[in-house]
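Asker: Here the working numbering is used: the first residue of the sequence shown is 97, the next is one more, and so on.
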Amino acid sequence: MKILHQYIVALCLGVVIIVALLMHKTNTTHKQKKKVKEPIQAPPPPLARIVNDFSRILDKSTTLDPVVSVITTVYTLNEQVIQTTVSCIKNQSLQNWEWLIVDDAVEENARLKSFTQNLNDTRIRYVRKGHNGLPGARNVGISEARGIYFYPLDDDDLIEHHTLEILYFSLQANPAASFVNGYSYGFGYKTYKYPFGYGNPEGFMKENFGTYSMMCRRDHWLEEGGYATNRTGGLEDWDMIMKLMNANKWGYTIPEYLFSYRTRATHADRLVVFNNILNIYIEILTSIPR
């Protein structure tokens with residue numbers, strides 16, 4: 097009987113010890129859980145950051161620095177024509193832009209300066225650095241730009257209301273690309289569709305399938321020296337793209353019509369340069385350092 101009593105006491109003591117140990121373990125685990133810090137959140141991927149910034153970049157009241165600089169050179173002001181360009185820029189779905197209107201007249205164009213100021217938009221700037229010709233004037237605008245990307249647009253041409261948005265987010269999502277554009281319309285004297293672009297680098301070596309209207313990484317452009325200022329007769333865009341291609345910097349074309357090129361009967365005199373296309377092609381190729 098005494099042995100049985102001792103056995104029961106030992107058994108009860110053992111149960112108490114086990115329960116105490118379990119309670120201690122639970123409390124310890126609970127305390128440890130309290131001490132564990134929340135894991136550090138990994139930075140969001142590029143596309144997620146783009147989505148997070150989407151509403152701010154599209155907000156017309158944003159005070160952020162511009163992400164895109166539109167570059168327009170003007171030699172002779174036609175207010176009626178440029179007003180349509182003003183409308184298409186101001187109505188862009190992406191509002192975080194700046195617009196540099198570069199005065200490239202022989203003498204300072206007081207009308208253009210006044211016209212720019214009267215637009216009453218701090219995002220639009222008048223720039224004057226003398227008469228440099230079309231390629232040189234674009235270089236002036238690019239050097240003055242604050243955006244990480246730039247988009248050249250002539251004062252008589254137009255873009256779709258979502259062009260800047262599509263091209264901007266495309267380059268953001270493709271950091272390896274140096275430039276991007278879309279398909280083009282022709283309007284005015286002649287109408288046409290131009291569904292060609294930068295999908296074929298080898299073909300581009302033989303013919304200029306691109307257009308001047310492309311969004312580019314400003315730093316890549318400047319690294320290759322900008323537009324050749326001696327190409328005032330045309331093909332300055334082809335010359336520059338060839339330099340980028342030689343530096344292993346390439347782009348692509350979005351299969352959507354994003355740009356409209358105004359054609360005029362008087363454009364024929366500007367295309368006389370193409371009558372000697374082979375010589376120009378050879379000159380451009382030989383000017384690229386190998």
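Cβ atoms here follow ideal geometry from the backbone N, Cα and C, with glycine treated the same way.
1. Per DSSP, F283 forms a beta bridge with which residues?
2. Give the DSSP bridge partners of D199, in chain order.
3. Which residues bound the alpha helix (DSSP H) around M310?
4. Do you know whose CA, among A233, T212, T168, R313, lies nearest R327's CA?
5. Please return the same chain residues whose Cβ sits closer than 6 Å to the Cβ of D252, not counting the five positions on each side in sequence.
6. Check whether the stretch 255-262 touches the stretch 330-346, taking contact to mean three or more Cβ pairs, one atom from each stretch, closer than 8 Å.
7. What three-state label does DSSP hand Y264 in the structure shown?
8. What's the C-alpha gap between E303 and N296?
9. Work out the CA separation of E319 and K339 for me, nearest whole Å.
10. Does G321 pass the burial test, meaning 16 or more other C-beta atoms within 10 Å, or should it be called exposed?
11. Using only CA atoms, which one of D315, F300, E256, K209 lies nearest to N187?
12. For F211, report the span of its alpha helix (DSSP H) as first-last.
13. Can you tell me which of S239, F283, S274 puts its alpha carbon nearest to the alpha carbon of K225?
14. Which residues bound the beta strand (DSSP E) around F292?
15. Between which two residues does the beta strand (DSSP E) containing P231 stretch?
16. Hey, M311 and Y245 are a contact pair by Cβ (cut 8 Å); roughly how many whole angstroms apart?
17. Starting from P248, trace the beta strand (DSSP E) in both directions and tell me its first and last residue.
18. Have a look at S356, H258, N235 and flag the residue whose alpha-carbon is nearest the alpha-carbon of K286.
19. Would you list the one or two residues that DSSP bridges to W193?
20. Just verifying my parser: in three-state terms, what is the DSSP assignment at N277?
21. Give me, in chain order, the residues of the same chain whose beta-carbon lies closer than 8 Å to that of D315; leave out the 5 immediate sequence neighbours on both sides.
Answerer: From the atom records:
1. R358
2. V170, R224
3. Run containing M310: none; DSSP gives neither H nor E here.
4. A233
5. V177, R358
6. no
7. helix
8. 10 Å
9. 10 Å
10. exposed
11. E256
12. 206-213
13. S239
14. Per DSSP, F292 belongs to no beta strand (DSSP E) and is neither H nor E.
15. P231 -> not in any beta strand (DSSP E); alpha helix (DSSP H) instead, spanning 229-240.
16. 5 Å
17. 245-248
18. S356
19. V164
20. strand
21. I244
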